[in-house]
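Structure, as structure tokens:
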Amino acid sequence: MGILNVTPDSFSDGGQYDSVERAVRRAFAMVDEGADMVDIGGESTRPGFTKVSVEEELDRVVPVIAALRQAGLQVPISIDTYKAEVAKAALEAGAHIVNDIWGFKENDEISSVAAAYGCPVILMHNRKSAEYRQFTAEVLDDLRESVEIARKSGVREDQIILDPGIGFGKTYEHNLLLMNRLHQVSALGYPVLLGTSRKSMIRSTLNVTPEDAVEGTAATVALGIAQGCSIMRVHDVKAMKRVAAMTDAMIRR
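Heads up, this note's numbering is the position in the sequence shown plus 128, with the first residue counted as 1.
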């Protein structure tokens with residue numbers, strides 16, 4: 129999954145693709161590099177991010193989605209949002225997947241929107257504070273709660289994808305621990321998306337900038353695949369596609 133942030137303030141690529149023309153060019157470039165889907169986000173979710181209104185988020189993402197469909201993009205488009213109004217408009221414009229960083233817990237209506245459109249959903253683990261008594265067990269329980277919300281709203285079982293939420297509602301040590309226990313998330317029985325690309329866990333460990341975090345990201349991608357994760361959400365598509373292919377060749381025997 130290639131990341132396409134159409135925002136001015138994302139931690140890694142903010143402002144690079146905040147026009148329709150640049151965003152469309154980048155999406156097609158990522159597909160050429162091997163992306164199997166493109167995830168479009170109109171609100172930065174980096175630490176300390178500023179929320180944007182529904183109207184502003186719509187103005188950022190809907191024209192890009194419509195332009196990509198009109199241009200004939202041949203891979204599924206995911207809309208990265210937790211707002212029901214944005215999810216609905218994006219699906220109407222041609223998006224195929226709803227990717228919610230709050231796992232359907234921040235907005236009461238988004239699960240119903242996804243169910244009405246019969247689309248796949250990505251439910252990410254998140255909390256508003258990194259306070260846990262039994263960290264791994266609570267992460268798994270939180271993910272189960274998101275699944276239950278989706279199911280009760282009518283989302284089909286085979287349309288549910290989980291995301292452990294590396295970098296969200298977790299400390300540095302929590303993130304490293306969860307990376308070592310991704311197999312427990314996979315054991316819940318749903319496809320798992322892993323989004324570690326250029327994140328602070330990697331940058332803090334290696335003391336590098338986001339642009340220089342390729343090797344660290346590669347290590348997390350390989351470890352994630354080895355523990356059963358099946359979708360990698362990345363900025364550096366070409367390099368990570370090769371990492372994934374090599375890891376698959378070694379473990380899928």
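Ideal Cβ placement from N, Cα and C applies to all residues, glycine included. All figures in this text were calculated on a predicted structure; none of them were measured in a lab.
_alpha helix (DSSP H) runs wholly inside the region 266-350, at least 4 long, in chain order_ = 300-307, 310-314 and 328-334
_Local conformation of M378 per DSSP, three classes_ = By 1-based counting over the sequence shown, the position of residue 378 is 250. Three-state result, M378: helix.
*Whole-angstrom distance between G344 and R370, CA atom to CA atom*: Within the sequence shown, the letter at position 242 stands for residue 370. Within the sequence shown, the letter at position 216 stands for residue 344. Looking at the two C-alpha atoms, the distance is approximately 14 Å.
*Straight-line CA distance for V226 to I250?*
Position 98 of the sequence shown, counted from the start, is the residue given in the question as residue 226. Position 122 of the sequence shown, counted from the start, is the residue given in the question as residue 250. If I take the Cα positions, the gap works out to 6 Å.
*asked:* Please return the same chain residues whose Cβ sits closer than 6 Å to the Cβ of T348, not counting the five positions on each side in sequence.
replied: The sequence position of residue 348 within the sequence shown is 220, counting from 1. Excluding the 5 residues flanking it on each side, T348 has same chain C-beta neighbours closer than 6 Å at T324, in chain order.
*Nearest-angstrom Cα separation, counted from E266 out to G130*: Residue 130 sits at position 2 when you count from the first residue of the sequence shown. Residue 266 sits at position 138 when you count from the first residue of the sequence shown. C-alpha separation (whole angstroms): 29 Å.
*Relative to the alpha-carbon of A377, which residue among P338, P319, A354 and V362 has its alpha-carbon at the smallest distance?*
Sequence index remark: in the sequence shown, residue 377 carries index 249 (1-based). Taking only the C-alpha atoms, the option nearest A377 is A354.
_Residues in the same chain with beta-carbon distance under 7 Å from V190, minus the five sequence neighbours each way, listed in chain order, please._
For the purposes of this step, residue 190 is taken as the residue at position 62 of the sequence shown. Around V190: A217, A218 and A221.
*Give the C-beta separation of E273 and R279 to the nearest angstrom, bearing in mind that I take them to be a contact with Cβ-Cβ under 8 Å.*
In the sequence shown, counting from the first residue as 1, residue 273 sits at position 145. In the sequence shown, counting from the first residue as 1, residue 279 sits at position 151. No, E273 and R279 are not in contact; Cβ-Cβ is about 11 Å, not under 8 Å.
*Paired residues, beta bridge with S239 - DSSP*: Taking the first residue of the sequence shown as 1, we reach residue 239 at position 111. BP columns for S239 are empty, so no partner.
*asked:* Cutting at 8 Å between CB atoms, please list the residues of its own chain near T375, excluding the five before and the five after it.
replied: Numbered from its first residue, the sequence shown carries residue 375 at position 247. Excluding positions up to five away in sequence, the list reads V349, A350, I353 and A354.
*When burial is assigned at 16 or more other CB atoms within 10 Å of the CB, is G282 buried or exposed?*
Within the sequence shown, the letter at position 154 stands for residue 282. G282 sits exposed, since fewer than 16 C-beta atoms from the chains shown fall within 10 Å of its C-beta.
*Residue range of the alpha helix (DSSP H) that D164 falls in?*
By 1-based counting over the sequence shown, the position of residue 164 is 36. Neither: D164 is in no alpha helix (DSSP H) and is coded neither H nor E.
_Taking the alpha-carbon of L201 as reference, which of D164, S181 and D340 has the nearest alpha-carbon?_
Here residue 201 refers to the residue found at position 73 when the sequence shown is read from its first residue. Among D164, S181 and D340, the Cα nearest to that of L201 belongs to D164.
*From M360 to G169, what does the alpha carbon distance come to, in whole angstroms?*
Walking along the sequence shown from the start, residue 360 turns up at place 232. Walking along the sequence shown from the start, residue 169 turns up at place 41. Taking the straight line joining both Cα atoms gives about 16 Å.
*Consult DSSP for M129 and reduce its assignment to one of helix, strand or coil.*
Your numbering for residue 129 matches position 1 in the sequence shown. It is coil, neither helix nor strand.
*Express the C-alpha separation of G162 and L290 in angstroms, rounding to a whole number.*
Taking the sequence shown and counting its residues from 1, the one referred to as residue 290 is at position 162. Taking the sequence shown and counting its residues from 1, the one referred to as residue 162 is at position 34. Spanning the two alpha carbons is a distance of roughly 22 Å.
*Put I193 into one of helix, strand or coil per three-state DSSP.*
Mapped onto the sequence shown, residue 193 falls at position 65. Residue state, collapsed to three classes: helix.
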